[in-house]
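To get the working numbering, take the position in the sequence shown, counting from 1, and add 336. Where a beta carbon is used, it is the ideal one built from N, C-alpha and C, also for glycine.
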Amino acid sequence: MMKLSKLATAVAFVMTGSAAVAGEVEVLHWWTSGGEAKSVGELKKIMQGKGHTWKDFAVAGGGGDAAMTVLKSRVVAGNPPAAAQIKGPAIQEWANEGVLANLDAVAKAEKWDSLLPGVVANVMKYKGNYVAAPVNVHRVNWMWANANVLKKAGVAGTPKTWDEFFVAADKVKKAGLVAVAHGGQNWQDFTTFESVVLGVGGAKFYQDALVKLDPKALTSPTMTKSLETFRKIKGYTDAAAPGRDWNLATAMVIQEKAAFQFMGDWAKGEFTAAGKVPGKDYICAAAPGTGNAYTFNVDSFAMFKLKDATAQKAQGDLAAAIMGNEFQEVFNLNKGSIPVRLGMKMDKFDDCAKLSSKDFVDTAKSGGLVPSVAHGMAISPAAEGAIKDAVSQFWNDDKISVADGVKNIAKAATTK
């Protein structure tokens with residue numbers, strides 16, 4: 337991130353707004369689609385119930401890129417919102433600028449340390465202090481399958497290993513259908529790639545190679561095997577995959593045109609919207625070889641330093657509400673994700689969410705809970721961008737040998 341002092345001179349115009357009035361809480365987010373907007377409305381209701389005024393600061397588009405530009409200009413002007421949707425290592429980058437508020441008083445009162453797995457809590461902290469409140473957990477290493485397509489192709493069970501997967505994929509291909517529905521953005525390629533690395537190498541190897549960016553792991557025989565497996569999957573996608581959006585790939589599975597998709601659990605929202613039932617119409621399972629692991633993508637709100645005492649009080653109430661039972665349930669039922677708060681009742685959630693919740697708790701204890709690189713949870717944006725490009729180049733160009741693919745990824749990992 338550009339240092340804010342330098343940014344001050346670089347911003348041509350600054351968006352300023354009225355300073356927070358008593359009990360006003362201004363929240364920057366980009367949740368503007370149906371289910372998401374409904375969820376934000378619930379948070380607004382909770383805050384209004386506590387006597388605060390909610391000021392919506394929604395910036396649509398670009399997965400938050402536009403929102404970050406606006407946020408930087410506001411912070412430079414000394415007029416930050418109370419909270420902004422920020423996640424992963426970007427939280428620490430903002431905290432390093434000295435602009436985030438310390439939430440330890442709220443976290444202690446609400447017992448966050450016992451309600452969050454350590455690996456998630458650490459993402460929300462800077463130098464040991466809470467500076468952000470987590471909203472949800474998306475599991476990224478899912479494999480979605482259409483039950484009817486598998487039946488037509490004579491595939492008996494859900495493949496649990498990559499060898500079993502390729503046997504099933506061959507049967508689907510023989511039945512004249514697409515085995516793997518895939519789209520064309522680099523994050524989609526990497527979503528598949530990180531599940532392959534996790535399935536081939538396990539959680540420790542995933543951590544060493546993709547989180548710690550250890551050169552030895554990145555150039556190991558395990559990484560070679562991961563790229564061989566990744567390339568093999570490519571052979572089961574259709575010619576129209578490049579440039580396709582993820583939800584259109586999900587639609588292929590829903591419409592019985594394709595058997596499998598590797599995608600996070602936001603895909604479940606598409607199945608639900610189409611009136612499909614898990615276990616009957618479609619299957620949700622961990623990607624092959626990853627049943628004992630869990631790649632997480634956690635949305636969160638970072639809280640900014642405010643001068644006004646009543647605004648600070650409203651901000652503390654907002655942080656508590658985000659982690660509260662009520663909001664955690666409503667928001668995640670709408671979003672397709674699961675509560676980040678441990679020990680929540682899951683009665684209202686579907687079977688996929690119940691499996692996700694069980695695996696989230698189990699992997700938090702076993703060490704199999706790892707951050708998703710594809711979704712900005714693990715490494716610096718510069719290294720992440722470079723590695724994603726190297727992986728997509730390999731995926732899209734069959735002339736790049738596996739050995740060169742390994743070299744290119746290892747080189748990309750050194751990007752600062």
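Cβ-based neighbour list, residue i, same chain, cut-off 6 Å, excluding 5 preceding and 5 following
i      : result
Gly615 : Asp687
Phe566 : Phe529, Val532
Ala650 : Gly359, Val361, His388
Lys386 : Asp653
Pro557 : none
Ala689 : Ile674
Ser562 : Val532, Val533, Val536
Val547 : Ala714
Trp448 : none
Short Cβ contact (9 Å threshold) for residue i with residue j
i      : j      : result
Ala622 : Trp523 : no
Asn633 : Met713 : yes
Phe730 : Ala437 : no
Ser702 : Val473 : no
Ala483 : Pro495 : no
Phe696 : Arg475 : yes
Thr699 : Ala719 : no
His518 : Gly600 : no
Lys671 : Gly371 : yes
Ala595 : Leu691 : no
Pro578 : Gly627 : no
Phe526 : Ser728 : yes
Sequence-distant residues of the same chain with beta carbon closer than 7 Å to residue i, five excluded per side
i      : result
Ala656 : Val442, Glu446
Asn668 : Asn472, Ile674, Pro675
Leu549 : Ile715, Ala719, Ala749
Sequence-distant residues of the same chain with beta carbon closer than 8 Å to residue i, five excluded per side
i      : result
Thr368 : Ala394, Ala396
Ser636 : Gln421, Ile422, Lys423, Ile427, Val459, Met460, Ala468, Ala469, Pro470, Val471
Gln384 : Trp390
Ala726 : Gly741, Asn744, Ile745, Lys747, Ala748
Gln543 : Val706
Val350 : Note that Val350 scores 35 on pLDDT, short of 50, meaning its location in the model is unreliable and no value can be drawn from it.
Thr586 : Trp480, Ala517, Gln597, Met599, Ala603, Glu606, Phe607
For residue j and residue i, the rounded distance between their alpha carbons
i      : j      : result
Leu407 : Gly434 : 15 Å
Glu360 : Thr389 : 4 Å
Met404 : Leu584 : 27 Å
Ala647 : Phe607 : 41 Å
Pro453 : Ile715 : 19 Å
Asn415 : Met680 : 36 Å
Val455 : Leu705 : 8 Å
Tyr466 : Trp430 : 13 Å
Val485 : Ala749 : 39 Å
Thr555 : Gly537 : 13 Å
Val738 : Pro417 : 47 Å
Gly625 : Ala413 : 49 Å
Phe598 : Asp644 : 47 Å
Asp734 : Ile569 : 12 Å
Asn613 : Gly490 : With the sequence shown as reference, residue 613 is identified as Val, and Asn is not the correct amino acid for it. Looking at the two C-alpha atoms, the distance is approximately 21 Å.
Lys444 : Met659 : 12 Å
Gly611 : Val666 : 19 Å
His365 : Asp440 : 23 Å
Asp506 : Trp480 : 17 Å
Phe502 : Ala603 : 22 Å
Gly605 : Ser375 : 14 Å
Ala575 : Glu592 : 17 Å
Ile382 : Met682 : 21 Å
Val357 : Trp498 : Bear in mind that a pLDDT of 46 at Val357, under 50, signals an unreliable position, so the number given afterwards is only what the model happens to contain. Each residue's Cα considered, the two are about 57 Å apart.
Lys509 : Arg677 : 42 Å
Ser450 : Glu662 : 18 Å
Candidates the options, of which the one nearest residue i by Cα
i      : options                        : result
Thr631 : Gln597, Ser708, Met659, Gly605 : Ser708
Leu379 : Val742, Asp440, Ser728, Leu654 : Leu654
Leu642 : Gly377, Ala373, His365, Val411 : Val411
Asn732 : Ala481, His365, Thr573         : Thr573
Arg580 : Asp601, Ile745, Val516         : Val516
Tyr462 : Ser450, Trp498, Ala492, Pro425 : Pro425
Ile723 : Ile736, Asn744, Ala539         : Asn744
Lys747 : Met659, Leu691, Ala545, Thr497 : Ala545
Ile590 : Ile619, Glu564, Val547, Val676 : Ile619
Ala419 : Asp392, Ala457, Thr497         : Asp392
Ala638 : Asn432, Ile382, Ala402         : Asn432
Ala511 : Lys488, Ala492, Gly493         : Lys488
Ile736 : Gly721, Glu564, Gly493         : Glu564
Lys694 : Asp617, Val363, Gly377, Ala629 : Ala629
Below-9 Å beta-carbon distance, residue i vs any chain B residue
i      : result
Thr631 : As a matter of chain content, chain B is missing from the structure shown, which is built from one protein chain.
Just list the beta strand (DSSP E) runs in the segment 497 to 573, keeping only unbroken ones of 3 residues or longer that don't cross its boundaries, in chain order.
-> 514 to 516
Tell me the start and end of each unbroken beta strand (DSSP E) in the segment 612 to 639 that is at least 3 residues and wholly inside, in chain order.
-> 618 to 622, 630 to 633, 636 to 639
Complete runs of the alpha helix (DSSP H) confined to the segment 636 to 684 [at least 4 residues] | 645 to 658, 661 to 671
Give, in chain order, every unbroken run of the alpha helix (DSSP H) that is at least 4 residues long and sits entirely within the segment 575 to 602.
-> 582 to 590
Any chance you could list the beta strand (DSSP E) runs of at least 3 consecutive residues sitting entirely within the segment 433 to 498, in chain order?
-> 468 to 470, 472 to 475, 478 to 482
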